[in-house]
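A.B. asks: Numbering (mature numbering (1 follows the signal peptide of the UniProt record, and there is no 0)), first residue to last: -24 to -1, 1 to 447.
Even for Gly, the Cβ is constructed at its ideal location relative to N, Cα and C.
No experiment lies behind these values; they were computed from the predicted model shown.
1. Quick one: give me the first and last residue of the alpha helix (DSSP H) that residue 31 is part of.
2. Could you work out which residue in 164, 163, 207 and 166 is closest to residue 180 when comparing CA atoms only?
3. Quick check on the DSSP output: the alpha helix (DSSP H) that includes residue 154 runs from which residue to which?
4. Let me check one thing: in DSSP terms, what residues is residue 332 bridge-paired to?
5. In the structure shown, what three-state DSSP assignment does residue 54 receive?
6. Look up residue 151 in the DSSP assignment and say whether it is helix, strand or coil.
7. State the DSSP-derived secondary structure class of residue 254, mapped to helix, strand or coil.
8. In this structure, does DSSP put residue 146 in helix, strand or coil?
9. Which residues mark the beginning and the end of the beta strand (DSSP E) in which residue 268 is found?
10. Mapping DSSP to helix, strand and coil, what is residue 137?
11. Please return the same chain residues whose Cβ sits closer than 7 Å to the Cβ of residue 79, not counting the five positions on each side in sequence.
12. Could you name each continuous alpha helix (DSSP H) segment of 4 residues or more that falls completely within the segment 94 to 122, going from the start of the chain to the end?
13. Residue 333 to residue 222, Cα distance in whole Å?
14. Whose C-beta lies closer than 7 Å to the C-beta of residue 176 among residues of the same chain, with five residues either side of it excluded?
15. Of the choices 106, 35, 169 and 81, whose alpha-carbon is the least far from that of residue 120?
16. Expressed to the nearest angstrom, what Euclidean distance is found between the alpha-carbon atoms of residue 55 and residue 137?
17. Can you tell me whether residue 293 is helix, strand or coil according to DSSP?
18. Are the C-beta atoms of residue 217 and some chain B residue less than 8 Å apart?
19. Starting from residue 75, trace the alpha helix (DSSP H) in both directions and tell me its first and last residue.
20. Name the one or two DSSP bridge partners that residue 224 has.
21. Inspect the beta-carbon positions of residue 230 and residue 265 and report whether they are closer than 8 Å.
22. Within the same chain, show all residues whose beta-carbon is closer than 6 Å to that of residue 283, passing over the 5 residues directly before and after it, in chain order.
23. Going by beta carbon distance, what residues of the same chain come within less than 7 Å of residue 130, once the five residues before and after it are set aside?
24. Tell me which same chain residues have a C-beta within less than 8 Å of the C-beta of residue 142, skipping the five on either side of it?
25. Can you find the residues in the same chain that come closer than 8 Å, C-beta to C-beta, to residue 71, ignoring five residues on each side of it along the sequence?
26. Measuring CA to CA, which of 339, 106 and 270 is closest to residue 301?
27. Could you check what DSSP says for residue 89 in three-state terms: helix, strand or coil?
28. Assign residue 261 to one of three DSSP states: helix, strand, or coil.
29. Can you list, in chain order, the residues of its chain with a C-beta nearer than 7 Å to that of residue 88? Leave out the 5 residues immediately preceding and following it.
30. Quick one: what does DSSP say residue 84 is sitting in, helix, strand or coil?
31. On the three-state DSSP scale, how would you describe residue 183?
32. Starting from residue 205, trace the alpha helix (DSSP H) in both directions and tell me its first and last residue.
33. Would residue 315 pass as a contact of residue 292 if the rule is Cβ separation under 8 Å?
34. Quick one: grab the DSSP three-state call for residue 174.
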């Protein structure tokens, strides 16, 4: 009996407390008979309505900034600071200054702010609408449409500009919520690691460059096929060994140290078209002593018939076959030599298997055989004849409009462009800079003809014979 009376007393006290709480709540105040005639234009209602609108807008700002700022890659921002437009540089620098304080700190601050706004909105709506399903429905619709979908759609496109404009507001919120946001951010940094932007590996960089190749629409900012190939080749330069780009030793033009430079030998050297010729021992073709620079023969008279041993030989460096192309390129850049002898590291005798030149490395970069007017037109790597035409010819507007004509021809035999001649006579008799430079070499120039009209090679009479070495 005593226990029942105790439960009854507690129930009465609980009922009294709930009744008092309900009468004191905003819902009962709004829906109470005393306030049933409250005007919708009363100051209290207008304040709550303004609060609802403000909370919805703030929720949209926080949701949009969360997606916009967190979607910006710091590596891409650094690129914009260096190479973007004036507005992009300014906005990227402003956003970087904010994110450098801690990307997780910014994230936690924006999420906390968004949660506070979204949880406060239903409370105010409940006091205005009197609770029930209508408050939940309207609150959900406002948050989804105006607080999530629309602002995030805008910030996906204009996240950089909006983030830069709101950076000071976000910074203020970061310090206001410092007691909660900063410790949480420190924990995230500890367990997840700090974010410093995307760092691409070489394979990723090559794929990224390939995606920027000029499309069929003629994007002027895209990369050409040659540019994509060269960039990819540069990225592969460290992994590529010189054994894969060298000239095999059996295809190398060499001479013994006792070879006599008579007219036949000199003609053979000039026909080969090489500027550096490896020199080997008399009885051992695999033992190389040095290399002869062909430019030493400019003033040489072949009638002297001097042996190669009378000439100064340059050092022929040796490089292991597994040396990377990047390392050999750095060596060539030092200026000590532009040719090296490739040694097989897998052979205990360290036999020579080929030579590598600066031209070989450059050819591996551009993906094409370099052919000039003195070369023998055979690709020693593919054993095929090399044509002068490029795989991807330059645009017509970029091709030089020059034609060099042999001096022995008379001016009457030279095809002339009438418009060019009339324009020359009308303007001035003085040749242009290009014409003057070419005329100094004993050539006549028509600046209006095309690249395909280049005349044949200069005859021996034009070049003149070598001066006598004894003079």
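C.D. replies: The relevant details are as follows:
1. Here residue 31 corresponds to residue number 55 of the chain shown, with the count starting at 1. It spans 19 to 46 - the alpha helix (DSSP H) in which residue 31 sits, taken as one unbroken run.
2. Within the chain shown, numbered from 1, the residue matching residue 180 stands at position 204. Checked all of 164, 163, 207 and 166; the closest Cα to residue 180 is 207.
3. Translated into the one-based positions of the chain shown, residue 154 becomes position 178. Segment 154 to 168, the alpha helix (DSSP H) holding residue 154.
4. Counted from its first residue, the chain shown places residue 332 at position 356. DSSP, once it has assigned bridges, lists 316 as partnering residue 332.
5. Counted from its first residue, the chain shown places residue 54 at position 78. It is helical.
6. Residue 151 sits at position 175 when you count from the first residue of the chain shown. Reduced to three states, the DSSP call for residue 151 is helix.
7. On the chain shown, position 278 is the one that residue 254 refers to. In the three-state reduction of the DSSP assignment, residue 254 falls in the strand class, which pools E and B.
8. Walking along the chain shown from the start, residue 146 turns up at place 170. Residue state, collapsed to three classes: helix.
9. Counted from its first residue, the chain shown places residue 268 at position 292. From DSSP, the beta strand (DSSP E) with residue 268 extends over 264 to 269.
10. Locating residue 137 in the chain shown gives position 161, counting from the first residue. When secondary structure is reduced to three states using DSSP, residue 137 falls in the helix class.
11. Residue numbering aside, residue 79 sits at position 103 when the chain shown is read from its first letter. Only residues of its own chain outside the window of five on either side were considered, and among them 171 have a CB closer than 7 Å to the CB of residue 79, listed in chain order.
12. 109 to 120, all fully within the segment 94 to 122.
13. Residue numbering aside, residue 333 sits at position 357 when the chain shown is read from its first letter. Residue numbering aside, residue 222 sits at position 246 when the chain shown is read from its first letter. Straight-line Cα distance between these residues: approximately 8 Å.
14. Numbered from 1 along the chain shown, position 200 holds the residue referred to as residue 176. In the same chain as residue 176, and ignoring 5 residues on each side of it, the C-beta atoms closer than 7 Å to its own belong to 184, in chain order.
15. Within the chain shown, numbered from 1, the residue matching residue 120 stands at position 144. When each option's Cα is compared against that of residue 120, the closest is 35.
16. Taking the first residue of the chain shown as 1, we reach residue 55 at position 79. Taking the first residue of the chain shown as 1, we reach residue 137 at position 161. Between the alpha carbons of residue 55 and residue 137 lies a gap of roughly 16 Å.
17. Position 317 of the chain shown, counted from the first residue, corresponds to residue 293. Correct three-state label for residue 293: coil.
18. The structure shown contains no chain B; it is built from a single protein chain.
19. By 1-based counting over the chain shown, the position of residue 75 is 99. 62 to 75 is the span of the alpha helix (DSSP H), which, as asked, contains residue 75.
20. Counted from its first residue, the chain shown places residue 224 at position 248. According to DSSP, which records beta bridges pairwise, residue 224 is partnered with 330.
21. Your numbering for residue 230 matches position 254 in the chain shown. Your numbering for residue 265 matches position 289 in the chain shown. No, the Cβ-Cβ distance between residue 230 and residue 265 is not below 8 Å.
22. Reading the chain shown from its first residue, position 307 is the one you call residue 283. The residues are 234 and 236.
23. As a working mapping, residue 130 is identified with position 154 in the chain shown. Close CB contacts of residue 130 within its chain, under the 7 Å cut and outside five residues either way in sequence, are with 40 (chain order).
24. Translated into positions along the chain shown, residue 142 becomes position 166. Taken in chain order, the residues that qualify are 37 and 41.
25. Position 95 of the chain shown holds residue 71. If you ignore the 5 residues before and after residue 71, its C-beta comes within less than 8 Å of the C-beta of 45, 48, 53, 136, 139, 140 and 143, all in its own chain and listed in chain order.
26. Here the question's residue 301 lines up with position 325 in the chain shown. Considering only 339, 106 and 270, the residue with the shortest C-alpha distance to residue 301 is 339.
27. As a position in the chain shown, residue 89 is number 113, starting the count at 1. Residue state for residue 89 is assigned as helix, using DSSP reduced to three classes.
28. Walking along the chain shown from the start, residue 261 turns up at place 285. Note: residue 261 maps to coil in three-state DSSP.
29. Counting from one through the chain shown, the residue named residue 88 turns up at place 112. For residue 88, where only same-chain residues beyond five positions count, the Cβ hits under 7 Å are 153, 156 and 157.
30. The sequence position of residue 84 within the chain shown is 108, counting from 1. The answer is helix: DSSP assigns residue 84 an H, G or I state.
31. The residue labelled residue 183 in the question sits at position 207 within the chain shown. Three-state result, residue 183: helix.
32. Indexing the chain shown from 1 puts residue 205 at position 229. From DSSP, the alpha helix (DSSP H) with residue 205 extends over 201 to 211.
33. Sequence index remark: in the chain shown, residue 315 carries index 339 (1-based). Sequence index remark: in the chain shown, residue 292 carries index 316 (1-based). Yes, the Cβ-Cβ distance between residue 315 and residue 292 is below 8 Å.
34. Here residue 174 refers to the residue found at position 198 of the chain shown. Looking at residue 174 - three-state DSSP - the assignment turns out to be coil, as it is neither helix nor strand.
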